[in-house]
Amino acid sequence: EAGVAQSPRYKIIEKRQSVAFWCNPISGHATLYWYQQILGQGPKLLIQFQNNGVVDDSQLPKDRFSAERLKGVDSTLKIQPAKLEDSAVYLCASSPGAGWTYEQYFGPGTRLTVT
Amino acid sequence: QKEVEQNSGPLSVPEGAIASLNCTYSDRGSQSFFWYRQYSGKSPELIMFIYSNGDKEDGRFTAQLNKASQYVSLLIRDSQPSDSATYLCAVTGNQFYFGTGTSLTVIP
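As they're listed, the protein sequences go chains A and B.
Each position in the first sequence, counted from 1, maps to that position plus 619 in the numbering used here.
Each position in the second sequence, counted from 1, maps to that position plus 33 in the numbering used here.
Listed below in structure tokens is the structure:
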């Protein structure tokens with residue numbers, strides 16, 4: 620079974636530029652998550668999708684971050700414009716069910732550096 | 034107060050010893066508790082989850098939950114150098130919260 624795919628793996632941009640990350644979850648997984656993990660911290664949930672609907676985006680900085688999950692499969696996370704404090708690893712995870720009791724499978728992450 | 038708190042460590046134990054990792058949480062209504070392992074530069078992977086008070090064992094790992102005291106712990110028996118990693122505690126309440134992780138080093 621293929622795991623969660625993410626691209627790009629690394630990205631370096633200047634502040635005020637825009638950037639987009641892509642995630643392809645495990646086939647059949649209904650729930651998809653985006654996390655931000657700043658160095659030395661635990662992952663912070665940004666947004667949770669179930670199929671193509673948003674379940675929770677309370678910690679997504681909506682003035683600059685946006686995310687979508689078209690057709691309930693792939694997802695993109697966009698930052699526009701980027702700030703220095705956005706430097707982090709962006710993790711995508713998927714799970715087969717909607718509740719928190721389902722195991723989340725993480726992708727390899729995208730390491731973003733904002734200069 | 035953070036939702037989930039862990040001692041950042043680093044925690045060092047000799048090979049073969051028991052490593053004890055602790056986590057406290059603030060939301061008394063939290064229902065599910067998870068331990069993830071994260072190797073340096075890698076993504077988190079689930080080790081164990083626990084829902085009920087008491088102990089849950091899986092191989093060399095034992096999770097312990099005490100809801101009255103609002104803490105959850107992970108014991109790793111017969112620690113191996115390959116257990117060296119950061120261990121993240123995660124808790125579900127209204128949302129899914131990770132702690133900052135405890136760095137464990139197992140010394141051969």
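For each residue, glycine too, the CB sits at the ideal point set by N, CA and C.
It should be emphasised that the depicted structure is a prediction, and the values quoted were computed from it without experimental measurement.
Sixteen is the threshold: since fewer than 16 other Cβ atoms of the shown chains lie within 10 Å of the Cβ of A/Ala717, the residue is exposed. Between B/Phe66 and the set B/Ile109, B/Pro141, B/Val37 and B/Thr138, the nearest pair of CA atoms involves B/Val37. In this structure, DSSP gives A/Pro727 a state outside helix and strand, which the three-state scheme calls coil.
The residue from A/Ser706, A/Asp675 and A/Asp705 with its alpha-carbon nearest to that of B/Gln128 is A/Asp675. Counted as a single uninterrupted DSSP element, the stretch harbouring B/Thr133 is not any beta strand (DSSP E), since DSSP gives it neither H nor E.
B/Phe129 reaches chain A at Leu664 and Trp719, counting residues in chain order whose Cβ is nearer than 7 Å. Within chain B, the residues placing a beta-carbon under 8 Å from that of A/Glu722 are Leu79 and Phe82, ordered along the chain. If you compare the alpha carbons of A/Ser677, A/Val692 and A/Gly672 with that of A/Lys663, the shortest gap goes to A/Ser677. Assigned with DSSP and collapsed to three states, B/Pro77 falls in coil, not helix or strand.
The stretch 698-722 of chain A contains, as complete beta strand (DSSP E) runs of 3+ residues, the segments 707-714 (chain order). Assignment of beta strand (DSSP E) within the stretch 637-663 of chain A, counting only whole runs of 3 or more residues, yields 638-643 and 650-656 in chain order.
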